[in-house]
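*Asks:* Protein chains in written order, with the working numbering: chain A, -10 to 233; chain B, -10 to 233; chain C, -10 to 233; chain D, -10 to 233. I'd like to ask some things about the structure below.
There are 4 protein chains.
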Amino acid sequence: MIKVTIFNEFLHEKKSEKVKKIYPDGIHKAIADFLGEEEDTSVRCVTLDMEECGLTQEVVDDTDVIIWWGHMAHDKVPDAVAERVRKAVWNGMGAIFLHSAHFSKPFRALTGSPCNLCWRESADSERIWVIEPNHPIAKGIDRFFDIPAVETYGEPFGIPTPDRIVFMGWYSGGEVFRSGVTFERYNGRLFYFQPGHESFPIFYQKEIQTIIKNAVRWAYNPTRRSTSAPWVNLPTVPSEYLKR
Amino acid sequence: MIKVTIFNEFLHEKKSEKVKKIYPDGIHKAIADFLGEEEDTSVRCVTLDMEECGLTQEVVDDTDVIIWWGHMAHDKVPDAVAERVRKAVWNGMGAIFLHSAHFSKPFRALTGSPCNLCWRESADSERIWVIEPNHPIAKGIDRFFDIPAVETYGEPFGIPTPDRIVFMGWYSGGEVFRSGVTFERYNGRLFYFQPGHESFPIFYQKEIQTIIKNAVRWAYNPTRRSTSAPWVNLPTVPSEYLKR
Amino acid sequence: MIKVTIFNEFLHEKKSEKVKKIYPDGIHKAIADFLGEEEDTSVRCVTLDMEECGLTQEVVDDTDVIIWWGHMAHDKVPDAVAERVRKAVWNGMGAIFLHSAHFSKPFRALTGSPCNLCWRESADSERIWVIEPNHPIAKGIDRFFDIPAVETYGEPFGIPTPDRIVFMGWYSGGEVFRSGVTFERYNGRLFYFQPGHESFPIFYQKEIQTIIKNAVRWAYNPTRRSTSAPWVNLPTVPSEYLKR
Amino acid sequence: MIKVTIFNEFLHEKKSEKVKKIYPDGIHKAIADFLGEEEDTSVRCVTLDMEECGLTQEVVDDTDVIIWWGHMAHDKVPDAVAERVRKAVWNGMGAIFLHSAHFSKPFRALTGSPCNLCWRESADSERIWVIEPNHPIAKGIDRFFDIPAVETYGEPFGIPTPDRIVFMGWYSGGEVFRSGVTFERYNGRLFYFQPGHESFPIFYQKEIQTIIKNAVRWAYNPTRRSTSAPWVNLPTVPSEYLKR
C-alpha cells in the first residue's frame, strides 16, 4: 500500500468563484479522487489552514509520497514544516510538485536553486511532448497530448540540470518549458510537473491523471535511509589485504 | 589561431536550382565567410567529392574544430574517414554538427546512439529559446530569436542525455526539439545545432552566425591527449604511505 | 521470465591451466550457475567459437539481457555481430559488460568513447564501495566488501560521464576506479562492472553474484521500441489550438 | 582582476596549539598568501568573529569568488548571511568549499542535500587521482599526487550527482571519496574540494595551491544575472509566424 499525502493551499478555491466552480471541494479532492481509484494506494489530504499545515511529524512519517500544490501563500508554510518535508525526502519519501509549487519552500530547498521562470496568463494551449518514452512516468502516454488551456510557463527555468527531462511543453503562444523533470536527493525522488493552474479543469484530464499516478509509483521508495546513519567512524582496511 | 575545417556534402547545392540560388558556392562557403571575419580563426573547406572527403590524416591533424554538414549522402563517407574524425575528437578536436548531420557517421559513432528523430518539411517558423543563458555558446543571444522558415524536427531525439541543453526549439507547427546540445567525449567537445536546412537562407541569419562562432570557441581545446597515453603499468603506492 | 544470454570468449579457460582450474567449464558456466538459481530467469550461453559467436539474429531477438565477457579476442567478434547487439540494446535489450569487456566492440560502440584505462596485474585486493546505496543494483550489499585478489584497473577511465556511479573501487596498490557505472542508450540500459579477471575465483563470491543478479533485473526492459518507429511525418498542431 | 573573498571560521587556530603552529595567522592567511601571488587576483579575508562574519552585502557584492573554510561552528553563521551568499552564487559569484565546509550552511543550501559522509581522524595518506584530465581545475596536475597525512572522508557522500567528478581520493586506510566535484546553480559555479584538515599543513602543498588557483579561475564569472530579471510577462509569438 502506497500512502500518499496531498498538500493543497486551498485558498483560490475559496476566494474565487471561477475556481470554486471547477474544484468545488478543492484541487486536493480532485487529485485524491483519481488516486483513490488505485487499489494499492491510500490517500490523505492536508491543507494550509490545518495545524502545522496538517504535516505533523506523525503524518510525514506515515507518508510514502507527498504531492504539493501551492501558489499564493508559499510563505505561510512555516520553515519548520518545509524542513521536515525536506528531511523526509532525504530519508526516502517521494515528492511530486505540481505547477506553481516550483516556488514552494520544500522544492526550492531541495533543489538549492531560485526556481524562477517566466509566465503569462492567457489561456494558451499546451502540447506536452514525451522526451523519454522509456521512462516509467511516461507509461501509457502517446507521443504527445494537448491541454486546451493552461497558464504559460517559459524558460529559462532556474533549476539545476535535471536527471531526466521526461516531458517538454510547447505553448501556442510561443514558449517551451521543461514541463516534467526528475531529480534525486539522497534517498528520495522528486518529480516536478508543470500543468495544473487553478483556473482550468486540468486535473480532470485523463493524461494528467495517468502521469500523476505513474509518478507516485516511480517516486515510491519502500526503504528509508537516515542521513545520520553513515556518520560512524570507519575501521581501516584489514591489514592482510595490505600485505604485498 | 583556431583552425576550423568545414566539411560539406555539397550535393543539394549542385542538384537543386532552389538551393543553388540560396547557396551558390555551397553551404560551406556561407559558413566560411562569416567565420573568416574572426581575426583569430582560419578556415578550410572540404567536400564529399574530394579524395578521402578532403579529410586526410594531415588535414584532420591540422584541425582544431570541425564543422559538419551532411544530409543525403551520409553513407558515402568512408568508414575510415568517420573513424579518423572520431579519434581526433577523442584526442581533443572540437566538433560541431549542423542540422541533418545528426545522422552523419561521426556523430552517431560519437554518441553511440541511433540519433533518430521526427521531421516535417513545411516551412514552419522556429523560435529558439535559450535554456542556459550562462553558457558560452549562448553569449550575445537574447532570450529567444525566430527563424522565419525551417525544416521541423521533433522529439523524441534518439541521443544520450546531453551534458547541457543550451537551446530548445519551438516550431509553429506544434513541435519542440532539443535544438542545441553539448556532449563531451574524452578530450573533445561536441555541439549539435538543429537549424540549417538547405532550402532556407538560415546561415545568413545573424544569430545563427553568432552561435556557430561561439561554438567554435567553446569547442576549441588547445591541448591534445592521446587515448593510448594512459596505457601504462602503474607503480604501486609508496610503502611509506601504507605504514600506519 | 527474464531471458539472459551470456557471451563468453572462452579462450583463457582453454589455454591456461591456471584459469582452467578456476573455471573448468568456462566463466560463462560459473555465471549461468548462479543466475540459474533464480526462478524467473532462464539462461543461455554462447561463445566466440560458435557460428556468428552464437549471437544470431534469432538468439539476440530472444534475449532480454546480455552479459558480455571478453578479453584477448575482441577483434574476433565480427562487426556485424557487434552492431546487431548495439541495435538490440537501442531497442530495449539490457546489457552487462564485465571486467575487460570495457574494450569489447559493443561497449565501445554504445559509449562512443575510447574506454581506455590503466591496469596492473599484481593481485591487489579491491574494496568495492557503494556510492549509491539507494540504487537497485546495490540492493543487499553492505557499505563495502572486499575482493581478496583482482587485476587492478586505474583512472582515468575513458568513458562518457556515467548516469550513475553505483560502485567505486579502492585497490590496495593505490588506485581508484569507477567500478560499477550505468548508462542508458535509447530504450536500453547498460551496466559496466569492473571485477571479473579470469585468474581469480571472483564469480564465485557472494557479493559479486548478488550484484550481477541485481543488474539483470535492473537492465531488464519488457518493452521494445524500434529506432525506426518514430520516423513518421508529423501532423501539425490542430488549428483550433492556435486561434487566439 | 578577480576579487576573491576567503571566509575562515578561525577558531581551531586560536584554540589548539597544534593547529596554531601550522597556521599561526589562520588558514585564511595561508590561502591568501598563495592566491596573492597571482597578478590578476585580489584577496580579502573575513572571519566568523567579524560583524556579519565580515560578509556584509557590500563585501559580497564586491566578491567574484568566495572560498569557504568552516568546521566546528557552522551554526554560528547567521541564516541571513548564508542566504546572502547563496543568492550571490545564483547571480554569478563563484564558490569554493574546502574540506569540512561540506557541512556549511551555504553549501547545504545550494546543494539541497544533507551532505553527510563518514570520516576518521587517523592521519592516513590520501592519493588524489585526476578523473577528468581535460578539466580546467586539473590543469598542471599529474595523474595523481599524494598528501602525506589527512583526515579521511568516506562514501557515501550525501550530495546530488555532481556535474563533474574532477578528483577522486584514495586513502591508505581503505576508503574512497569524490574529493573534487563541481556543480552549477543558476549563474554560479561551485567546487567542493576534500583536502584541508586543520591539523596538517595541506595548504602549503604545491598541488593543493595549484588546484585552488585553477578553481578560482574556473568559478569566476564576469557576468551577473539576477534571479528576478526573467520575471516578465512574455509577448506571444508574432502572428505572421503562425500563419500556415
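Beta carbons: idealized from backbone N, C-alpha and C, even for Gly.
1. Out of D/Ser5, D/Leu0 and D/Arg33, which has the shortest C-alpha to C-alpha gap to D/Thr(-6)?
2. Grab me the residues of C/Glu164's own chain with a C-beta within less than 6 Å of its C-beta, minus the 5 sequence neighbours each way, in chain order.
3. Between the segment 61 to 79 of chain C and the segment 6 to 26 of chain C, do three or more beta carbon pairs fall short of 8 Å?
4. Hey, A/Ile130 and A/Ile85: beta-carbon distance below 8 Å or not?
5. Hey, would you say D/Leu179 sits closer than 8 Å to D/Phe189, going by beta carbons?
6. For A/Ala127, which option in A/Lys76, A/Ser168 and A/Glu72 has the closest C-alpha, if you only look at C-alpha atoms?
7. Do you know how far the Cα of A/Pro122 is from the Cα of A/Asp135?
8. What would DSSP say about B/Ala95, mapped onto helix, strand or coil?
9. With DSSP collapsed to three states, give me the class of A/Phe133.
10. For A/Arg214 and C/Ile117, what's the separation of their Cα atoms in angstroms?
11. Could you please give the first and the last residue of the uninterrupted alpha helix (DSSP H) stretch that includes D/Val8?
12. Got a sec? Which residues, its chain only, sit under 7 Å from B/His91 by beta carbon, not counting five neighbours each side?
13. Of all Cβ atoms in chain B, is any one closer than 8 Å to the Cβ of C/Trp79?
14. In the segment 162 to 181 of chain B, which residues sit with their C-beta less than 8 Å from some C-beta in chain C, listed in chain order?
15. How would you call A/Glu115, buried or exposed, if buried means at least 16 neighbouring beta carbons within 10 angstroms?
16. Answer with yes or no whether the minimum CB distance from D/Pro149 to chain A is below 8 Å.
17. Quick check: what's the CA-CA separation for D/Val155 versus A/Leu0?
18. Using beta carbons (cut-off 8 Å, strictly below), is A/Pro67 in contact with chain C?
19. Using 8 Å as the limit for Cβ to Cβ distance, is C/Arg75 near chain A?
20. Can you have a look at B/Lys76 and say buried or exposed, based on whether 16 or more other CB atoms are within 10 angstroms of its CB?
21. With DSSP as the reference, label C/Arg213 as helix, strand or coil.
22. Can you grab the Cα-Cα spacing for the pair B/Ile20 / B/Phe192, in whole Å?
23. Pull out every residue of the segment 204 to 217 of chain A whose Cβ sits closer than 8 Å to any Cβ of chain C, in chain order.
24. With 8 Å set as the bound, which would you pick, yes or no: does the beta-carbon of C/Thr45 sit closer than that to a beta-carbon of chain B?
25. So, at 7 Å on beta carbons, what are the nonlocal neighbours of A/Tyr230 in its own chain, with the 5 sequence-adjacent residues on each side left out?
26. Just reading off the alpha helix (DSSP H) that B/Glu110 is part of, what are its end residues?
27. Once you ignore the five residues that flank B/Asp51 on each side, which residues in its own chain have a CB closer than 7 Å to its CB?
28. So what's B/Phe182 in DSSP terms, helix, strand or just coil?
29. Assuming D/Trp159 and C/Trp159 are in contact, meaning their beta carbons sit under 8 Å apart, how far apart are those beta carbons, in whole angstroms?
30. Applying a beta-carbon distance threshold of less than 7 Å, which residues of chain A neighbour C/Pro122?
31. Grab me the residues of D/Ala208's own chain with a C-beta within less than 7 Å of its C-beta, minus the 5 sequence neighbours each way, in chain order.
32. Can you check which of these residues, B/Ile200, B/Asn210, B/Leu99 and B/Ser5, is closest to C/Gly147 by C-alpha distance?
33. Excluding the five sequence neighbours on either side, which residues of its own chain have a C-beta within less than 8 Å of the C-beta of B/Tyr9, listed in chain order?
34. Starting from the beta carbon of A/Arg116, find every residue of chain B whose beta carbon is closer than 7 Å, and list them in chain order.
35. Quick one: list the residues of chain F neighbouring B/Trp159, beta-carbon separation under 9 Å, in chain order.
*Replies:* Quick look at the numbers:
1. Sequence index remark: in the fourth sequence, residue -6 of chain D carries index 5 (1-based). Distances from the alpha-carbon of D/Thr(-6) to those of D/Ser5, D/Leu0 and D/Arg33 put D/Arg33 closest.
2. Counting from 1 along the third sequence, the entry for residue 164 of chain C is found at position 175. Within the same chain, Cβ atoms closer than 6 Å to the Cβ of C/Glu164 are found at Thr141 and Gly143, the five residues on either side in sequence being excluded.
3. Between the segment 61 to 79 of chain C and the segment 6 to 26 of chain C there are fewer than three inter-stretch CB-CB distances shorter than 8 Å, so the stretches are not counted as touching.
4. The residue given as residue 130 of chain A occupies position 141 in the first sequence. The residue given as residue 85 of chain A occupies position 96 in the first sequence. With contacts defined as CB atoms closer than 8 Å, A/Ile130 and A/Ile85 fail to qualify as a contacting pair.
5. Locating residue 179 of chain D in the fourth sequence gives position 190, where the first residue counts as 1. Locating residue 189 of chain D in the fourth sequence gives position 200, where the first residue counts as 1. No, the Cβ-Cβ distance between D/Leu179 and D/Phe189 is not below 8 Å.
6. Locating residue 127 of chain A in the first sequence gives position 138, counting from the first residue. Closest by alpha carbon: A/Ser168.
7. Translated into positions along the first sequence, residue 135 of chain A becomes position 146. Translated into positions along the first sequence, residue 122 of chain A becomes position 133. So the alpha carbons of these two residues sit roughly 17 Å apart.
8. Your numbering for residue 95 of chain B matches position 106 in the second sequence. According to the sequence displayed, residue 95 of chain B carries Pro and not Ala. B/Pro95 falls in the helix class under three-state DSSP.
9. In the first sequence, residue 133 of chain A corresponds to position 144, counting from 1. Strand at A/Phe133.
10. For the purposes of this step, residue 214 of chain A is taken as residue 225 along the first sequence, with counting starting at 1. For the purposes of this step, residue 117 of chain C is taken as residue 128 along the third sequence, with counting starting at 1. Rounded to the nearest angstrom, the two C-alpha atoms are 20 Å apart.
11. As a first step, residue 8 of chain D is located in the fourth sequence; it is residue number 19 there, counting from the start. For D/Val8, the enclosing alpha helix (DSSP H) begins and ends at Glu6 to Ile11.
12. As a working note, residue 91 of chain B is residue 102 in the second sequence. Answer for B/His91: Cys104, Leu106 and Tyr181, listed in chain order.
13. In the third sequence, the residue the question calls residue 79 of chain C occupies position 90. At least one chain B Cβ lies under 8 Å of C/Trp79.
14. Of all residues in the segment 162 to 181 of chain B, only Gly162, Gly163, Glu164, Phe172, Glu173, Arg174 and Tyr175 come within less than 8 Å of chain C when Cβ atoms are compared, listed by chain position.
15. Stepping through the first sequence from its first residue, residue 115 of chain A is reached at position 126. Counting the other Cβ atoms within 10 Å of the Cβ of A/Glu115 gives 16 or more, which makes it buried.
16. Taking the first residue of the fourth sequence as position 1, residue 149 of chain D is located at position 160. Interface residue (Cβ-Cβ distance to chain A less than 8 Å): D/Pro149 is classified as such.
17. The residue given as residue 155 of chain D occupies position 166 in the fourth sequence. The residue given as residue 0 of chain A occupies position 11 in the first sequence. Inter-residue distance for D/Val155 and A/Leu0 is about 48 Å (C-alpha atoms, whole angstroms).
18. Taking the first residue of the first sequence as 1, we reach residue 67 of chain A at position 78. By this cut-off, A/Pro67 is not an interface position.
19. Residue mapping note: residue 75 of chain C aligns to position 86 of the third sequence, counting from 1. Taking Cβ atoms only, chain A never reaches closer than 8 Å to C/Arg75, which makes this a no.
20. Numbered from 1 along the second sequence, position 87 holds the residue referred to as residue 76 of chain B. Around the CB of B/Lys76, 16 or more other CB atoms lie within 10 Å, so the residue is classed as buried.
21. Taking the third sequence and counting its residues from 1, one reaches residue 213 of chain C at position 224. DSSP places C/Arg213 outside both helix and strand once states are collapsed to three, so it counts as coil.
22. Residue numbering aside, residue 20 of chain B sits at position 31 when the second sequence is read from its first letter. Residue numbering aside, residue 192 of chain B sits at position 203 when the second sequence is read from its first letter. Roughly 7 Å between the two C-alpha positions.
23. Taking 8 Å as the Cβ-Cβ cut-off, the segment 204 to 217 of chain A approaches chain C at Asn210, Thr212 and Arg214, given in chain order.
24. By 1-based counting over the third sequence, the position of residue 45 of chain C is 56. False, the Cβ-Cβ gap to chain B never drops below 8 Å.
25. Sequence index remark: in the first sequence, residue 230 of chain A carries index 241 (1-based). Below a pLDDT of 50, predicted positions are generally treated as unreliable, and A/Tyr230, at 46, falls in that range; no measurement from the model is reported.
26. In the second sequence, counting from the first residue as 1, residue 110 of chain B sits at position 121. Where B/Glu110 is concerned, there is no enclosing alpha helix (DSSP H), although the beta strand (DSSP E) it sits in stretches over Cys107 to Val119.
27. As a working mapping, residue 51 of chain B is identified with position 62 in the second sequence. Lys(-8), listed in sequence order.
28. Position 193 of the second sequence, counted from the start, is the residue given in the question as residue 182 of chain B. Three-state result, B/Phe182: strand.
29. Position 170 of the fourth sequence, counting from 1, holds the residue named residue 159 of chain D. Position 170 of the third sequence, counting from 1, holds the residue named residue 159 of chain C. Taking 8 Å as the upper bound for CB-CB distance, D/Trp159 and C/Trp159 are in contact here, some 6 Å apart.
30. The residue labelled residue 122 of chain C in the question sits at position 133 within the third sequence. Counting only Cβ-Cβ distances below 7 Å, C/Pro122 has contacts in chain A at Arg214, in chain order.
31. Numbered from its first residue, the fourth sequence carries residue 208 of chain D at position 219. Excluding residues within five positions, the ones whose Cβ falls inside 7 Å are Val54, Gly83, Ala84, Ile85, Arg178 and Phe180.
32. Start at 1 with the first residue of the third sequence, and residue 147 of chain C comes out as number 158. The shortest C-alpha separation from C/Gly147 is found at B/Leu99.
33. Position 20 of the second sequence, counted from the start, is the residue given in the question as residue 9 of chain B. Checking the sequence, you will find Lys at residue 9 of chain B rather than Tyr. Glu2 and Lys3.
34. Counting from one through the first sequence, the residue named residue 116 of chain A turns up at place 127. Residues of chain B whose Cβ lies closer than 7 Å to the Cβ of A/Arg116 are, in chain order, Gly163.
35. No chain F is present in this structure, whose protein chains are A, B, C and D.
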